[in-house]
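I have placed the structure first, in the form of structure tokens, so that the comments after it can refer back to it.
2 protein chains.
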Amino acid sequence: MKPDGLESMAAGLACPLPIEEDSIVQLAHGGGGRKTAHLVDSLFLPAFASPALDQLGDGAVFDVGGQRLAFSTDSFVVQPVFFPGGNIGSLAVHGTVNDLAMCGAEPLALSAGFVLEEGFSMDDLRRIVAAMAAASAEAGVPIVTGDTKVVNRGRGDGIYVNTSGIGRVRDGIQVGPDRARPGDAVLVSGPVGDHGIAVMAARSGLEFHTTLLSDSACVLPLVRALLDAAPATRTLRDPTRGGLATALCEIAISSGVGVSLDEDAIPVRREVRAACELLGFDPLYVACEGRFLAVVPAADCEQVLAALRALPDGDAARRIGEITDGTPGRVVLRTGLGSHRRLERLSGEQLPRIC
Amino acid sequence: MKPDGLESMAAGLACPLPIEEDSIVQLAHGGGGRKTAHLVDSLFLPAFASPALDQLGDGAVFDVGGQRLAFSTDSFVVQPVFFPGGNIGSLAVHGTVNDLAMCGAEPLALSAGFVLEEGFSMDDLRRIVAAMAAASAEAGVPIVTGDTKVVNRGRGDGIYVNTSGIGRVRDGIQVGPDRARPGDAVLVSGPVGDHGIAVMAARSGLEFHTTLLSDSACVLPLVRALLDAAPATRTLRDPTRGGLATALCEIAISSGVGVSLDEDAIPVRREVRAACELLGFDPLYVACEGRFLAVVPAADCEQVLAALRALPDGDAARRIGEITDGTPGRVVLRTGLGSHRRLERLSGEQLPRIC
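The listed protein sequences derive, respectively, from chains A and B. The first sequence begins at 0 in numbering that gives the first Met the number 0 and counts up by one. The second sequence begins at 0 in numbering that gives the first Met the number 0 and counts up by one.
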């Protein structure tokens, strides 16, 4: 097994600020921001230290008999389990397929692990499983093994789904969060924040309505087109929990570079912007489940955008900024008014149980 | 990908008896017996049909670039999370390592997915993670990727852990639940039922006490010794949920053979037998987490037993019966009194949340 730069990422994620030790688990520990990073750095990484260990985030890459395999796992606890544009089943398939795609891998097989609550509707389970099957067929990645556990009434929340996946990293492709270099271009494959806002809108008790659908989707066709157009792509990352801002902060920290973003270039749907204003959220921190960020050599940027825009889901792909030799780890947003705002990783928990 | 006989196993498990459709999930659907098999056969298998699909039980085997990879997943919801002889963390590592071993594979890497309940003790999490790390180191199988989600207070049960794993099937080894042949010997690697009874004894409200420890352990060293001694081994199976009886019924169904067992030969500790009498359980249906069943050619039986008994955890390995050309799927127990008793798969739920 070879490290693939993952240890350095782990080291890079060590939080530079003192954070109090917590004696109990809080929702923010699952938020994908600072608290999650602290839990990973202080508890999981020291315990599980190994050459192939990734930052317990997207996926690990290691060598098996001369082939580079990618391996990823994700548990899904989204509430509600049915939301506009998808459900926990389709989301679970897209999530792990996309995580493998972010490793530069062609996914080969998925597993499905269910934790069901006693009393959960069998019809709902059937709908969820059908959505998983459809998402698996569409992505071309079979679900080959599984497991079902049932917990007592009141000890779960209907259904939790874990998907894990194996993929084979494409020949000649070497992507990683630590490979961004000054001068590289930063792209996003489509508008951000749709998933988070669609799920929030579906949550009972909220007082706003929207026609917005989750962006939950398989990004494989777009990633294939991107890697064909730019085999020297440095970094791929899906901005799920913690959103675009947190994902870019982690890339900046891991690569030891600065990032300069152009706020006006970041695609955000009007409905997402309106909902965020209503709820007091920043769309740059709202989760997507069918978008990705890419860092590519500047010279490849135009051909990558052309390749993405030629595909149905890629028409809104945009160059949103560049990697700089500024302060390592610092992500700066140039606002429409010409001012600059520093983006930090998500602090606390903006949208619990979004995936 | 090649089927590896898994489809036929799936077909073999189709329940010959009419079972009522259930409209809600019941604890028995997670029990590992008939209800679980019915859920798998009627809901999961039709949806996820693919050449590499296993019976959503132990693991799938498929070809990647000329290598046979094994892939397995398991979610752990055991209550209580700490029990004599282990905890949910060590159990989760042993469980998936053992599932890969049951595929004839050398495990290469594990993933760890946590679903934590808000308010769970960070100290308990630290103990669980330390146990996972120790079990991973002892087995020589690194945890390379992970994921953490947090659910609201009252929507979980402290901690659920999913482990998935990848392994490489040993050269020349071809094991499967459908490969048992009349005349083969049936072995068990040690006494059965320790895990189930140890967990039950740790459950609050129960009125019996025992010094018994769970058998939760990594079976890799024993399996390596067995496969070295008998490369023609037909079937490996760990008798977890549903116990020894259910595991043997499934082998009998998949292989289309009969099984004849000698009750007096099946090792059961005195404490387990006593607790089972007290609780009204049959030890042959109580879960083990560090034992396995093996079907080997009769001619290899003695050298396999010698190889197992030479190892610390294998001293109680026994030949417990043989594969027959009797009614396909029928497992018959010859009792100490000379009578015969048919063993069926676990019906309902004997010991909920044992793993």
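Glycine included, C-beta positions come from ideal geometry on N, C-alpha and C.
DSSP puts residue i in a beta bridge; with which residues?
| i | result |
| --- | --- |
| Lys-148 of chain B | B:Val-114 |
| Asp-261 of chain B | B:Arg-333 |
| Val-187 of chain A | A:Leu-292 and A:Arg-317 |
| Asp-62 of chain B | B:Arg-67 |
| Tyr-159 of chain B | B:Val-114 |
| Ile-235 of chain A | Position check: residue 235 of chain A holds Leu in this sequence, whereas Ile was assumed. Leu-235 of chain A pairs with A:Ala-293. |
| Thr-326 of chain A | According to DSSP, Thr-326 of chain A bridges with nothing at all. |
Can you look up residue i in the DSSP assignment and give me helix, strand or coil?
| i | result |
| --- | --- |
| Ala-213 of chain A | Note on residue identity: the sequence assigns Ser, not Ala, to residue 213 of chain A. Note: Ser-213 of chain A maps to coil in three-state DSSP. |
| Ala-200 of chain B | helix |
| Val-294 of chain A | strand |
| Gly-164 of chain A | strand |
| Glu-105 of chain A | strand |
| Thr-172 of chain A | The sequence shown places Ile at residue 172 of chain A, rather than the Thr named in the question. Here Ile-172 of chain A sits in coil by DSSP. |
| Leu-68 of chain A | strand |
| Gly-85 of chain A | strand |
| Asp-73 of chain A | strand |
| Val-218 of chain B | coil |
| Ser-120 of chain A | strand |
| Val-303 of chain A | helix |
| Ala-130 of chain B | helix |
| Ile-250 of chain A | helix |
| Leu-342 of chain B | strand |
| Leu-55 of chain B | Bear in mind that a pLDDT of 49 at Leu-55 of chain B, under 50, signals an unreliable position, so the model cannot answer this. |
| Asp-193 of chain A | helix |
| Arg-352 of chain B | coil |
| Val-143 of chain A | strand |
Closer than 7 Å by beta-carbon distance: list the chain A residues that pair up with residue i, in chain order.
| i | result |
| --- | --- |
| Leu-99 of chain B | Those within 7 Å of Leu-99 of chain B in chain A number zero; the least Cβ separation is about 11 Å. |
| His-339 of chain B | Result: empty, since nearest Cβ-Cβ is about 33 Å, beyond 7 Å. |
| Pro-79 of chain B | Chain A residues near Pro-79 of chain B: none, gap ~12 Å exceeds 7 Å. |
| Leu-310 of chain B | In chain order: nothing, as chain A lies at least about 26 Å away. |
| Leu-260 of chain B | The contacting residues do not exist; Leu-260 of chain B stays about 27 Å from chain A at best. |
| Arg-125 of chain B | Leu-42 |
Which same chain residues, not among the five before or five after residue i, have their C-beta less than 6 Å away from its C-beta?
| i | result |
| --- | --- |
| Leu-55 of chain B | At Leu-55 of chain B the pLDDT is 49, less than 50, meaning the model places this residue with poor confidence and gives no usable figure here. |
| His-182 of chain B | Correcting the residue identity first, residue 182 of chain B is Gly in this sequence and not His. The answer, listed in chain order, is Ala-297. |
Name, please, each residue of chain B whose Cβ falls closer than 7 Å to the Cβ of residue i.
| i | result |
| --- | --- |
| Glu-117 of chain A | Val-24, Gln-25 and Leu-26 |
| Met-121 of chain A | Asp-21, Ser-22, Ile-23 and Val-24 |
| Gly-58 of chain A | Thr-144 |
| Leu-107 of chain A | Val-63 |
| Leu-38 of chain A | Thr-147 |
For a contact defined as C-beta to C-beta under 8 Å, what are the partners of residue i on chain A?
| i | result |
| --- | --- |
| Thr-72 of chain B | Ser-110, Ala-111, Gly-112, Thr-144, Gly-145, Asp-146, Asn-161 and Ser-163 |
| Thr-35 of chain B | Thr-147 |
| Leu-332 of chain B | The contacting residues do not exist; Leu-332 of chain B stays about 28 Å from chain A at best. |
| Leu-90 of chain B | Going along chain A, no residue has its Cβ under 8 Å from Leu-90 of chain B, so there is no contact; the nearest lies around 12 Å. |
Look at the Cβ atom of residue i, then the Cβ atom of residue j, and state whether they are nearer than 8 Å.
| i | j | result |
| --- | --- | --- |
| Ala-251 of chain B | Leu-283 of chain B | no |
| Ile-158 of chain A | Ile-127 of chain A | yes |
| Asp-123 of chain B | Gly-58 of chain B | no |
| Leu-350 of chain A | Leu-342 of chain A | no |
| Pro-238 of chain B | Arg-317 of chain B | no |
| Cys-354 of chain B | Phe-70 of chain B | no |
| Ala-46 of chain B | Ala-129 of chain A | yes |
| Val-185 of chain A | Glu-301 of chain A | no |
Can you list the residues of chain B that residue i reaches, using a CB-CB cut of under 9 Å?
| i | result |
| --- | --- |
| Gln-302 of chain A | Near Gln-302 of chain A there are no residues of chain B at all, since even the closest Cβ is about 30 Å away, more than 9 Å. |
| Thr-210 of chain A | Chain B residues near Thr-210 of chain A: none, gap ~28 Å exceeds 9 Å. |
| Val-294 of chain A | Per Cβ cutoff of 9 Å: no residues; Val-294 of chain A is ~21 Å from chain B at best. |
| Asn-151 of chain A | Leu-26, Gln-78, Asp-156, Pro-351 and Arg-352 |
| Ala-134 of chain A | In chain order: nothing, as chain B lies at least about 11 Å away. |
| Ser-215 of chain A | Chain B residues near Ser-215 of chain A: none, gap ~16 Å exceeds 9 Å. |
Excluding five sequence neighbours on each side, which residues of the same chain lie with their C-beta closer than 7 Å to the C-beta of residue i?
| i | result |
| --- | --- |
| Ser-346 of chain B | Gly-32 and Arg-33 |
| Thr-35 of chain A | His-28 and Gly-29 |
| Leu-336 of chain B | none |
Can you list, in chain order, the residues of its chain with a C-beta nearer than 8 Å to that of residue i? Leave out the 5 residues immediately preceding and following it.
| i | result |
| --- | --- |
| Ala-216 of chain B | His-93, Glu-288, Gly-289 and Asp-312 |
| Arg-268 of chain A | Pro-190, Gly-192, Asp-193 and Leu-211 |
| Ala-274 of chain A | Ile-196, Met-199, Ala-200, Phe-207, Thr-209, Leu-211 and Phe-280 |
| Val-174 of chain B | Met-101, Cys-102, Gly-103, Thr-232, Arg-233, Thr-234 and Leu-235 |
With respect to 7 Å, is the separation between the Cβ of residue i and the closest non-hydrogen atom of the ligand GDP below this value?
| i | result |
| --- | --- |
| Gly-29 of chain A | This structure lacks the ligand GDP; in fact it carries no ligand of any kind. |
Counting only Cβ pairs nearer than 9 Å, list the residues of chain A close to residue i.
| i | result |
| --- | --- |
| Ala-129 of chain B | Ala-46 |
| Arg-167 of chain B | Val-63 and Gly-64 |
Using a C-beta to C-beta distance shorter than 8 Å, which residues of chain B count as neighbours of residue i?
| i | result |
| --- | --- |
| Leu-52 of chain A | Pro-141, Ile-142, Val-143 and Thr-144 |
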